[in-house]
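Scroll down for the structure; my scribbles are underneath it.
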Amino acid sequence: MSRLKEAASELVDVALEEGAKDAVAEVFDSSVDQIRYSNSMVDISNHSRAVHAHVLVAVGGRTMASDVRDLRKGAETVRLIVKHARASPVNEDYGGIASGKFKYRRSQLDKRILSLRNPANYVLDAIDGAVSTGAPDVGGTFFVRDSKWGIASSKGALAEDANASMDLSVRAFTQPEASGHAVLVATNLDKMRARETGARAAELAIAAKNPVSGEEGRFDLVMEPFFLGGIVGATGGMASGLAVELGMSMFAKRIGKRVASDAVTLVDDPMRRSMSRRMFDHEGKPAKRNVVISNGVLKTYLHNTSTAKRMKAKSTASTGPLVASQFSMPSEPMMFHPVLEAGDLKVEELVEDVRDGLYINNTWYTRFQNYSTGDFSTIPRDAVLRIRNGEIVGAVKNVRVSDNLMRFWKGIDAMSKSSEEIYWWDEAAPPAHLPAARARKMKVTRSS
Amino acid sequence: MIDEDIAEHTLDRAAAQDVPVLMEVKLESSRKSALSIKSGLVHSVSSFTDEGMYVRVVMDEGIGFASANRISKQTGADLARRATRLAKSGKRRERVKLSSEKAATAKWSVAQRQKLADVSNDDRLRYLKSLDSEMMSARVKVQGRYFETVDSETHGYFASSDGARVRSMVPRLMMSCLNTVSSKGETEQSIREWGATGGWEKTVEWAAGAALAEEVRVLKELIDKGKPVKSGEYDLICGPEVAGIAAHESCGHPMEADRILGREMSQAGKSFVSPKMLGDRIGSKQATVIDDPTVPGSYGYYEYDDEGVKARPRFLYKKGIINEFLHNRETAGKLRLKSNASSRSSVYGKEPIVRMANTFVAPGDLGEDEMVRSVKNGVLMKSFTEWNIDDKRYNQKYTSREAYFIRDGELAGPARGCVLEITTPRFWGSMDGVSRKVELTAAECGKGDPMQGIAVHTGGPMLRLRGVHLK
Chain A
0 MSRLKEAASE LVDVALEEGA KDAVAEVFDS SVDQIRYSNS MVDISNHSRA
50 VHAHVLVAVG GRTMASDVRD LRKGAETVRL IVKHARASPV NEDYGGIASG
100 KFKYRRSQLD KRILSLRNPA NYVLDAIDGA VSTGAPDVGG TFFVRDSKWG
150 IASSKGALAE DANASMDLSV RAFTQPEASG HAVLVATNLD KMRARETGAR
200 AAELAIAAKN PVSGEEGRFD LVMEPFFLGG IVGATGGMAS GLAVELGMSM
250 FAKRIGKRVA SDAVTLVDDP MRRSMSRRMF DHEGKPAKRN VVISNGVLKT
300 YLHNTSTAKR MKAKSTASTG PLVASQFSMP SEPMMFHPVL EAGDLKVEEL
350 VEDVRDGLYI NNTWYTRFQN YSTGDFSTIP RDAVLRIRNG EIVGAVKNVR
400 VSDNLMRFWK GIDAMSKSSE EIYWWDEAAP PAHLPAARAR KMKVTRSS
Chain B
0 MIDEDIAEHT LDRAAAQDVP VLMEVKLESS RKSALSIKSG LVHSVSSFTD
50 EGMYVRVVMD EGIGFASANR ISKQTGADLA RRATRLAKSG KRRERVKLSS
100 EKAATAKWSV AQRQKLADVS NDDRLRYLKS LDSEMMSARV KVQGRYFETV
150 DSETHGYFAS SDGARVRSMV PRLMMSCLNT VSSKGETEQS IREWGATGGW
200 EKTVEWAAGA ALAEEVRVLK ELIDKGKPVK SGEYDLICGP EVAGIAAHES
250 CGHPMEADRI LGREMSQAGK SFVSPKMLGD RIGSKQATVI DDPTVPGSYG
300 YYEYDDEGVK ARPRFLYKKG IINEFLHNRE TAGKLRLKSN ASSRSSVYGK
350 EPIVRMANTF VAPGDLGEDE MVRSVKNGVL MKSFTEWNID DKRYNQKYTS
400 REAYFIRDGE LAGPARGCVL EITTPRFWGS MDGVSRKVEL TAAECGKGDP
450 MQGIAVHTGG PMLRLRGVHL K
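In order, the protein sequences belong to chains A and B. Numbering of the first sequence is given in numbering that gives the first Met the number 0, commencing with residue 0 and proceeding in unit increments. Numbering of the second sequence is given in numbering that gives the first Met the number 0, commencing with residue 0 and proceeding in unit increments.
Written out as structure tokens, the structure reads:
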């Protein structure tokens with residue numbers, strides 16, 4: 000048995016010896032190297048490494064989740080966790096963990112990524128790509144991520160997985176209010192195109208020159224995959240069974256109903272080769288491809304064992320991390336790798352069929368007035384280009400898309416046939432494979 | 000307890016190997032517990048302890064930062080070596096300049112009357128259930144009803160090669176909840192948070208149960224009786240919660256010097272403010288916004304920042320003038336100024352960057368009733384739901400949660416979904432009256448890459464804005 004799986008199994012054994020009825024342990028060994036740069040110079044190079052384990056135990060209906068940060072004291076800590084679980088109140092929401100004789104698929108990773116000698120060269124290439132294209136002011140991040148994790152449970156889970164990826168973000172400015180932003184995610188060293196990514200950001204920044212204040216009204220939007228990253232992330236969050244229970248989803252009571260146009264098929268595909276690829280969820284249940292929206296119709300919520308039991312459904316192997324993070328509740332069902340199925344048009348064709356609209360590079364600060372209705376707004380940023388009669392005629396600034404998320408998805412009438420993996424900061428997240436898309440008659444507002 | 004010798008050993012060994020401009024070592028040890036309930040039932044229980052360290056090295060060629068979730072002499076030596084190598088790899092054209100600061104030797108902590116370490120999960124559950132019960136005594140239909148409490152104690156030891164030595168112990172707690180009120184087939188939502196540094200006694204001081212009972216009553220009334228605002232020009236009174244979000248988003252963030260100098264350009268963005276705008280007018284004489292880490296018991300409280308600089312209040316906008324940016328030693332050095340102790344790291348695994356602490360609008364001299372009486376045709380926006388602002392911090396939107404029409408100096412029924420979409424100079428320039436009583440709201444501010452959520456308070460008194468466009 001390999002190291003992380005064995006470590007997880009040992010922690011589960013300790014929990015069972017102490018009297019736990021259910022136990023899951025997931026051991027992580029991850030390191031992240033990051034270079035941050037701005038003003039076309041490197042600001043800081045960061046390295047962090049963490050070896051730790053998430054543990055969930057249940058004793059007589061009482062549960063305790065913990066992050067075992069010092070594995071040298073792993074057994075001692077797990078004994079304490081079981082003791083604390085016994086002393087905790089009964090968890091009435093707990094419905095158990097995944098149980099079965101599981102078989103897991105093996106994953107592949109490009110080990111060359113883990114032995115990069117001079118990652119700063121990619122950053123210098125990206126800066127050079129942008130500057131030589133015509134954008135003198137460049138900033139961004141470059142990450143190299145190395146993750147290994149093993150899982151074991153008292154109900155049959157025993158597996159190990161690993162991933163290696165690089166992600167580059169380049170934001171380039173040609174003027175103080177004219178910028179373009181491009182990202183590139185690679186799980187294969189041969190696909191890292193730093194210079195081209197910098198050049199793409201610069202091309203957008205050039206197109207965004209001399210922006211004028213945008214108008215209010217209803218416009219057709221042609222959105223780059225980057226823009227869709229945050230919107231898909233918010234939509235995926237609402238597919239969680241827990242979000243539905245909490246009233247934080249516009250999808251409540253809509254299984255089998257139309258929630259988007261025919262053009263929209265949204266899938267969670269954790270096993271697709273990507274930055275967020277994984278072969279099992281955080282209960283150790285083998286990952287599966289879940290079609291959430293099929294040609295505009297809502298097919299399923301995403302479940303862990305507990306939400307599935309409460310909502311009389313089956314787990315979709317979507318259990319999130321056992322311990323809460325900044326953006327998730329403990330074990331919250333989640334999309335690991337959203338995929339928006341591509342269409343059949345070129346991006347230029349999406350633009351050609353727009354009489355009065357905007358072409359948008361990126362967005363941020365997507366916020367909801369009411370999650371159960373989907374009323375929201377988001378702020379386009381970087382290149383926001385005016386489309387008139389099928390042609391880009393200039394750049395605008397200071398606009399906001401203020402509409403309803405379900406109306407947004409119902410307004411989508413076409414997708415591009417090209418798609419790419421997108422991830423940026425915690426805005427375009429989680430990592431997702433996305434095409435460009437066109438939405439009709441969306442409400443655009445601005446400050447007065 | 001933290002073995003402080005490890006920091007000294009790390010600095011000594013590193014000094015023997017290389018000569019950085021500055022080396023900083025931070026050791027951190029913490030305990031955290033959380034419990035949540037959903038619809039009155041336990042949803043999750045978690046607890047963990049953690050310890051780790053970072054080494055940050057500043058060289059002429061750049062800055063390197065390395066961290067690990069372990070504290071030992073060997074780990075310190077390894078991190079120092081790695082951070083030094085990373086700093087050298089920066090190949091910067093311009094040397095990193097740090098402001099010169101007095102090397103502090105200090106020990107600080109926050110007192111607790113009821114120690115968080117002595118709080119049991121039964122205590123946490125009793126507290127949350129009492130909130131849920133008090134809220135439900137309002138007899139309003141509330142869906143979801145999610146309550147969570149998180150409390151932690153963090154011990155820190157900071158040591159730098161220029162002589163700073165700061166020991167700290169911060170107990171911090173928060174309670175957040177999300178509730179969906181429904182009536183007549185429609186819903187309104189509320190996401191609230193209370194936070195403090197101190198002991199469990201803070202949960203009593205918050206009086207959150209009574210506030211939530213009132214909140215759900217108000218939201219039901221909003222659904223039943225609220226009317227939309229007809230688009231047009233109005234006088235607007237912003238409640239303390241709205242004053243606070245504006246202070247944070249359209250004053251605090253654009254006044255962060257790292258943004259002004261471009262360091263956040265690809266994430267949270269730059270700023271409409273430039274270094275040469277110090278001294279320029281941004282608002283009316285009523286517009287004074289302070290960021291103050293030293294407010295006792297506040298969620299963003301600290302006495303020394305993560306570069307060992309002593310904390311003090313910062314007057315960001317002063318009587319409508321752009322007065323002072325938020326600085327760490329790097330940004331202050333670049334602008335030939337002194338740091339004002341704004342360097343914070345959320346956890347040992349992430350680099351310290353320029354952050355706010357507790358940002359609020361300074362009080363004025365009006366009574367709250369007096370402000371309402373002074374408005375002929377307007378709206379009182381007491382709180383907000385959806386909000387956002389662009390990455391240069393110039394165009395912002397606040398959508399009301401609790402709001403009322405004001406007609407001839409009197410409240411005239413609930414206003415629903417009132418939207419203020421306004422530029423930063425227009426917001427601060429329209430202010431012509433400020434009330435006396437400041438109220439603070441706890442929040443987690445997100446910034447940096449990797450993202451660092453950090454505890455802050457936002458707030459202010461009531462603000463009167465004349466002739467703004469509402470929709």
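Yeah, the Cβ is synthetic: ideal placement off N, Cα and C, and Gly gets one too. Predicted model, so just to flag it, every value in this text is computed and none were measured.
Contacting residues, own chain, Cβ-Cβ under 6 Å from residue i (five flanking each side not counted)
i, result
"Ser-8 of chain A", "Ala-151"
"Arg-30 of chain B", "Thr-48 and Glu-152"
"Ser-275 of chain A", "Phe-335, His-336, Pro-429 and Pro-430"
"Gln-188 of chain B", "Thr-179"
"Arg-94 of chain B", "Asp-59"
"Asp-234 of chain B", "Val-374, Gly-377 and Arg-465"
"Thr-293 of chain B", "Ala-310"
"Leu-55 of chain A", "Val-23, Ala-64 and Leu-321"
"Arg-104 of chain A", "Met-278"
Where residue i falls: helix, strand or coil (DSSP)
i, result
"Tyr-364 of chain A", "strand"
"His-326 of chain B", "coil"
"Tyr-121 of chain A", "helix"
"Met-274 of chain A", "coil"
"Ser-297 of chain B", "coil"
"Pro-337 of chain A", "strand"
"Ala-356 of chain B", "coil"
"Asp-4 of chain B", "helix"
"Leu-10 of chain A", "helix"
"Met-237 of chain A", "helix"
"Arg-138 of chain B", "coil"
"Leu-277 of chain B", "coil"
"Gln-73 of chain B", "helix"
"Pro-424 of chain B", "helix"
"Val-353 of chain A", "coil"
"Leu-245 of chain A", "coil"
"Met-405 of chain A", "helix"
"Trp-193 of chain B", "strand"
"Ile-80 of chain A", "helix"
Cut-off 8 Å between Cβ atoms - residues of its own chain near residue i, not counting five sequence neighbours on either side
i, result
"Arg-194 of chain A", "Asp-124, Ala-125, Asp-127 and Gly-128"
"Lys-20 of chain A", "Ala-57, Val-58, Gly-59 and Ser-153"
"Ala-110 of chain B", "Gly-197 and Gly-198"
Residues bridged to residue i (per DSSP)
i, result
"Glu-438 of chain B", "B:Gly-459"
"Phe-404 of chain B", "B:Val-378"
"Val-291 of chain A", "Looking at the DSSP assignment, Val-291 of chain A forms no beta bridge with any residue, so it has no partner."
"Thr-469 of chain A", "Nothing about residue 469 of chain A can be read from this structure; chain A reaches only from 0 to 447."
"Ser-552 of chain B", "No statement about residue 552 of chain B is possible, as the shown extent of chain B runs from 0 to 470 and does not include it."
Beta-carbon contacts of residue i that lie in its chain and below 7 Å, excluding the five residues immediately before and after
i, result
"Lys-219 of chain B", "Val-139, Val-180 and Ser-182"
"Leu-115 of chain B", "Asp-150, Glu-152, Pro-170, Leu-172, Gly-198 and Trp-199"
"Val-243 of chain A", "Phe-250, Ala-251 and Tyr-300"
"Thr-362 of chain A", "Phe-226, Gly-229, Thr-377, Ile-378, Pro-379 and Arg-380"
Cross-chain neighbours of residue i in chain D, by beta carbon under 7 Å
i, result
"His-83 of chain A", "You won't find chain D in this structure, because its protein chains are A and B."
| query | What beta strand (DSSP E) runs, 3 residues minimum, are completely inside the stretch 81-134 of chain B? | reply | 104-108
Positions along the stretch 82-110 of chain B whose CB lies within less than 8 Å of some CB in chain A: Ala-82, Leu-85, Ala-86, Ser-88, Gly-89, Lys-90, Arg-91, Arg-92 and Glu-93
Closer than 7 Å between beta carbons: that is the criterion. Which residues of the stretch 420-435 of chain B meet it against chain A? Glu-420, Ile-421 and Thr-422
The stretch 371-396 of chain B: which residues have C-beta closer than 9 Å to a C-beta of chain A, in chain order? Thr-384, Glu-385, Trp-386, Asn-387, Ile-388, Asp-389, Asp-390, Lys-391, Tyr-393, Asn-394, Gln-395 and Lys-396
Exercise for the section: Could you please tell me which residues of the stretch 342-369 of chain A, in chain order, have their CB closer than 9 Å to any CB of chain B? Expected result: Trp-363, Tyr-364, Thr-365, Arg-366, Phe-367, Gln-368 and Asn-369
- prompt: In the stretch 234-275 of chain B, which residue ranges form an unbroken alpha helix (DSSP H) of at least 4 residues, counting only runs that do not cross its ends?
  reply: 239-246 and 256-259
- Could I get the ranges of all uninterrupted beta strand (DSSP E) runs contained in the stretch 152-216 of chain A, with 3 residues as the minimum, in chain order? 157-174 and 177-185
#### Entry: Against chain A: residues of the stretch 237-264 of chain B by CB proximity under 7 Å
Gly-261, Arg-262 and Met-264
Against chain A: residues of the stretch 61-83 of chain B by CB proximity under 9 Å
Gly-61, Ile-62, Gly-63, Phe-64, Ala-65, Ser-66, Ala-67, Asn-68, Arg-69, Leu-78, Arg-81 and Ala-82
Using a Cβ-Cβ cut-off of less than 9 Å, list which residues of the stretch 172-198 of chain A approach chain B; keep chain order. Phe-172, Pro-175, Glu-176, Ser-178 and His-180
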